[in-house]
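S.K.: For the sequence shown, the positions run 283 to 383 when my numbering is used.
Glycine is no exception: its CB is placed at the ideal position from the N, C-alpha and C atoms.
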Amino acid sequence: MASLKLHMQYDIIERAVQDNDGAKEDFRGQLANINSALQAMSASFKGKAGRSFMNYWESSGKPHSEALIRHIEKLDKQLQDIQKLVEENDDACAAMFSWGM
């Protein structure tokens with residue numbers, strides 16, 4: 283009976299690991315999207331095209347470029363927070379899996 287209970291616990295942990303792997307892939311996709319957006323925004327502010335865009339942006343009453351830079355920094359911080367969550371999730375999953383073994 284005890285071995286059946288352990289086997290059931292192992293199955294539960296194994297399913298949790300599989301669910302975690304799916305969630306990690308979702309997080310990684312979100313990280314890739316955020317990273318791409320940050321790179322595109324960074325590239326758009328370099329060179330003549332970036333200056334033209336910033337001139338348009340500021341003249342149209344949009345937030346000042348410093349506000350945009352703060353927003354980019356905020357997005358970068360969010361990206362770092364998500365990466366930290368993924369790492370913590372990996373650690374927790376590894377601990378659960380080793381406990382189940």
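Only counting the same chain, and skipping five residues up and downstream in sequence, which positions put a Cβ closer than 7 Å to that of M383?
M.R.: Unreliable positioning characterises M383 in this predicted model, as indicated by a pLDDT of 49, which lies under 50. The coordinate reading is nonetheless provided below. None.
S.K.: Return the CA-CA distance between I295 and I351, expressed in angstroms with no decimal places.
M.R.: Computed Cα separation, rounded: 43 Å.
S.K.: Within a Cβ cutoff of 8 Å, which residues of the same chain sit near A364, ignoring the five residues on either side of it in sequence?
M.R.: Residue identity differs from the one stated: residue 364 is Ile in this sequence, not Ala. Taken in chain order, the residues that qualify are F309, Q312, L313, I316.
S.K.: When you compare each of D358, E355, Q291, A298 to D372 by their alpha carbons, which one comes out closest?
M.R.: With distances taken between Cα atoms, D372 lies closest to A298.
S.K.: At the level of alpha carbons, what is the spacing between V368 and K306?
M.R.: For V368 and K306, the distance between alpha carbons rounds to 7 Å.
S.K.: Tell me the rounded alpha-carbon separation between I354 and A374.
M.R.: Going by the C-alpha atoms only, they are around 30 Å apart.
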